[in-house]
Every structure is written in structure tokens, then in C-alpha cells.
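Everything below concerns the one structure shown next.
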Amino acid sequence: MNIQTGFVRIRPTLLLLTVGIVAALPVSVVLAGKSDHVEARELLRRGEIVPLAQVLEVVAHRVPGDVIEVELERDDGVWEYKVKVLTATGRVRKLTLDARNGAVLKIKDD
């Protein structure tokens, strides 16, 4: 089940609120899987993931546009941010970043 709020799709799964950064942004961050926001905050506190603000800076430099979705997922034991960006031409691009350091792992059309 998804809740529509303007153009942002919020999945009621679990929202990752990284130190209040998300509050002012028109984007939802979804922690995929069975974990919850408590675990995400703990990962951030322990330095296992970088803050969302850092990820969004990298994304803005690599693929300009409007961020429409951000997910934090664990893939083969590695935390990754998956960010969807709507470009000025109407194309949706999906970036996968290493959540430990914010490095871009791949960019593809969605």
C-alpha cells in the first residue's frame, strides 16, 4: 500500500529520518526490509552509513533533477542508497550509492 502526497510516494514500510534532514525535503526515505527507523538511526550513529544530506549532494552533481524517492537497502550484506531522480526532460534515472561512503555504484534509466 502506498500513500500519495503530491508527487512523492511514501511507503508506510519505515521512514528513515536522518537527524531531521528529511523534514524539509520533498522526499521520503524508505528503509527496505524488516528493519525500522531505529536501526537506520543506529547505523548512522555508528558511522556505518553516511547522512542523507551527503547522498543528495552527490546525486545532485551526478544527475540534476528532482529527487522523487530514496531507499536504504541491504544488498548482499552491504547498505546501499537507491535514489530516483526525475530529470528536466522527464526521464527517471536511478542511482545506487554505497551507503558507507556515498560513492556512486551505478546509474541507470528506470
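Residue numbers (this note's numbering): -4 to 105.
Don't be surprised by glycine CBs; every beta carbon is placed ideally from N, CA and C.
Values in this document were obtained by computation on a predicted structure and should not be read as measured data.
Start and end residues, beta strand (DSSP E) containing residue i
i     : result
Glu75 : 73 to 81
Glu52 : Per DSSP, Glu52 belongs to no beta strand (DSSP E); it is in the alpha helix (DSSP H), 47 to 57.
Arg69 : 61 to 70
Where the alpha helix (DSSP H) through residue i begins and ends
i     : result
Arg40 : 32 to 40
Option nearest residue i by Cα separation, candidates the options
i     : options                    : result
Thr91 : Leu51, Gly85, Thr84, Thr82 : Leu51
Arg57 : Gly85, His32, Gly72, Lys79 : Lys79
Val45 : Asp93, Lys77, Gly72, Arg86 : Asp93
Val87 : Lys77, Glu37, Gln49        : Lys77
Inter-residue spacing [alpha-carbon to alpha-carbon] between residue i and residue j
i      : j     : result
Ile102 : Glu75 : 13 Å
Glu43  : Glu64 : 21 Å
Ala35  : Ala83 : 31 Å
Val99  : Gly85 : 22 Å
In DSSP terms, what residue i is bridged to
i      : result
Asp93  : Glu75
Asp104 : Arg88
Same chain only: Cβ atoms within 6 Å of residue i, ignoring 5 sequence neighbours per side
i     : result
Lys89 : Lys79, Lys103, Asp105
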